[in-house]
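Colleague: My questions all concern the structure below.
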Amino acid sequence: MKPGALLVFGGIAACASGCLLPLYTREPAQGRLVRAADGRPVAGAEVHVESAKHYFGGPRQVIGTYETRTDGDGHWRVRGHASLEFVVLLPDAAPNFGDAYAFRAPDGAALSAPQGLSAELDGSGPLRVVVDPSTPLSPVVLPALGLVGGGGQTVSVHGGAVFWVANKRFGAGLRAVGEVGETGFGGAAGVVVSPVLGLMPAVVVEANARWLRSWDAEPASRVGPEIAVTLLAFLRTSVSVLPDDSGASRRWKTFVGVGWGYL
Numbered sequence: 636m637k638p639g640a641l642l643v644f645g646g647i648a649a650c651a652s653g654c655l656l657p658l659y660t661r662e663p664a665q666g667r668l669v670r671a672a673d674g675r676p677v678a679g680a681e682v683h684v685e686s687a688k689h690y691f692g693g694p695r696q697v698i699g700t701y702e703t704r705t706d707g708d709g710h711w712r713v714r715g716h717a718s719l720e721f722v723v724l725l726p727d728a729a730p731n732f733g734d735a736y737a738f739r740a741p742d743g744a745a746l747s748a749p750q751g752l753s754a755e756l757d758g759s760g761p762l763r764v765v766v767d768p769s770t771p772l773s774p775v776v777l778p779a780l781g782l783v784g785g786g787g788q789t790v791s792v793h794g795g796a797v798f799w800v801a802n803k804r805f806g807a808g809l810r811a812v813g814e815v816g817e818t819g820f821g822g823a824a825g826v827v828v829s830p831v832l833g834l835m836p837a838v839v840v841e842a843n844a845r846w847l848r849s850w851d852a853e854p855a856s857r858v859g860p861e862i863a864v865t866l867l868a869f870l871r872t873s874v875s876v877l878p879d880d881s882g883a884s885r886r887w888k889t890f891v892g893v894g895w896g897y898l
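Following this note's numbering, the numbering of the sequence shown begins with 636 at its first residue and continues without gaps.
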């Protein structure tokens, strides 16, 4: 068995019962803190965010906190955060995440939103939160990983990273991965764009430069362009064009790869 085959089949076995997936564990948000009585902005107020996860029927587990303050006009901003979470591929087995907010003005007036800003807040207190429907851009580093059949190889796995900047509407970033397959090894680097749902991209388009080399001494490394589309965050299809030096003259061949992948 060739060296790459061991890694490929190992990846298949690892994902048979569950996988590490990048999930947003803190949602980005922004808004304005004002006095409930007259709508005056509250400057210099503390904003405390407690992020937690829980599984179906399980207890709430705090996984992180975030601190910031309102500016002179009462505006505040919380950037999103993503991390790797192990997800078991069974119904109701994926973790759920939620953010609890607490605001405290310099004079001691307070407001808490333990169920998050989307929940109905009691308006009888001294403070009121006006949530901005738009979300701030949040830069994060996400893993890129996948399992593909075809694409110039029988089957291959790829892994790397994406520097991703996104809000709820749009996301874009730079991607670099290494590739190991049954017939060879290589890598790709390029630009990724999500035109919708940037925080949890349902549609991702990639434009990469890809190189591939056989485990055998010949042929030599091949370099060419690659276009890929990922649907529903996991279903990945790629089309790459690589030179074929097996004949007397150089020709270009098109390779289609289909499989599972995140970015």
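For every residue, glycine included, the Cβ atom is placed at its ideal position computed from N, Cα and C.
Along the chain, where does the beta strand (DSSP E) containing residue 734 start, and where does it finish?
Modeller: Position 99 of the sequence shown, counting from 1, holds the residue named residue 734. Counting along the chain, the beta strand (DSSP E) containing residue 734 begins and ends at 731-739.
Colleague: Please go through the same chain and pick out, in chain order, the residues whose beta-carbon is closer than 7 angstroms to the beta-carbon of residue 744, but skip the five residues on each side of it.
Modeller: Numbered from 1 along the sequence shown, position 109 holds the residue referred to as residue 744. For residue 744, where only same-chain residues beyond five positions count, the Cβ hits under 7 angstroms are 761 and 762.
Colleague: Report the rounded CA-to-CA distance for residue 814 versus residue 770, giving the unit in angstroms.
Modeller: For the purposes of this step, residue 814 is taken as the residue at position 179 of the sequence shown. For the purposes of this step, residue 770 is taken as the residue at position 135 of the sequence shown. The straight-line gap from Cα to Cα measures roughly 35 angstroms.
Colleague: According to DSSP, simplified to helix, strand and coil, what is residue 831?
Modeller: Locating residue 831 in the sequence shown gives position 196, where the first residue counts as 1. In the structure shown, residue 831 sits in coil (DSSP, three-state: anything other than H, G, I, E or B).
Colleague: Could you check which residue in 812, 847, 898 and 892 has the C-alpha nearest to that of residue 866?
Modeller: Taking the first residue of the sequence shown as 1, we reach residue 866 at position 231. Checked all of 812, 847, 898 and 892; the closest Cα to residue 866 is 898.
Colleague: Hey, residue 773 and residue 734 are a contact pair by Cβ (cut 8 angstroms); roughly how many whole angstroms apart?
Modeller: Here residue 773 refers to the residue found at position 138 when the sequence shown is read from its first residue. Here residue 734 refers to the residue found at position 99 when the sequence shown is read from its first residue. So it is not a contact: roughly 13 angstroms between Cβ atoms.
Colleague: Taking 7 angstroms as the cut-off, decide whether the C-beta atoms of residue 668 and residue 709 are in contact.
Modeller: For this step, residue 668 is matched to residue 33 along the sequence shown. For this step, residue 709 is matched to residue 74 along the sequence shown. Yes, the pair counts as a contact, with Cβ atoms nearer than the cut-off.
Colleague: Whole-angstrom Cβ separation of residue 829 and residue 801, contact assumed at under 8 angstroms?
Modeller: As a position in the sequence shown, residue 829 is number 194, starting the count at 1. As a position in the sequence shown, residue 801 is number 166, starting the count at 1. Confirmed, Cβ separation roughly 7 angstroms.
Colleague: Please state whether the Cβ-Cβ distance between residue 797 and residue 785 is less than 7 angstroms.
Modeller: For the purposes of this step, residue 797 is taken as residue 162 along the sequence shown, with counting starting at 1. For the purposes of this step, residue 785 is taken as residue 150 along the sequence shown, with counting starting at 1. For residue 797 and residue 785, no; Cβs fall outside 7 angstroms.
Colleague: Report the CB separation of residue 682 from residue 703 in whole angstroms; it is logged as a contact under 8 angstroms.
Modeller: If you number the sequence shown from 1, residue 682 lands on position 47. If you number the sequence shown from 1, residue 703 lands on position 68. Yes, residue 682 and residue 703 are in contact; Cβ-Cβ is about 5 angstroms, under 8 angstroms.
Colleague: Using CA coordinates, which residue listed in 664, 753 and 730 is at the minimum distance from residue 658?
Modeller: For this step, residue 658 is matched to residue 23 along the sequence shown. For residue 658, the nearest C-alpha among the options comes from 730.
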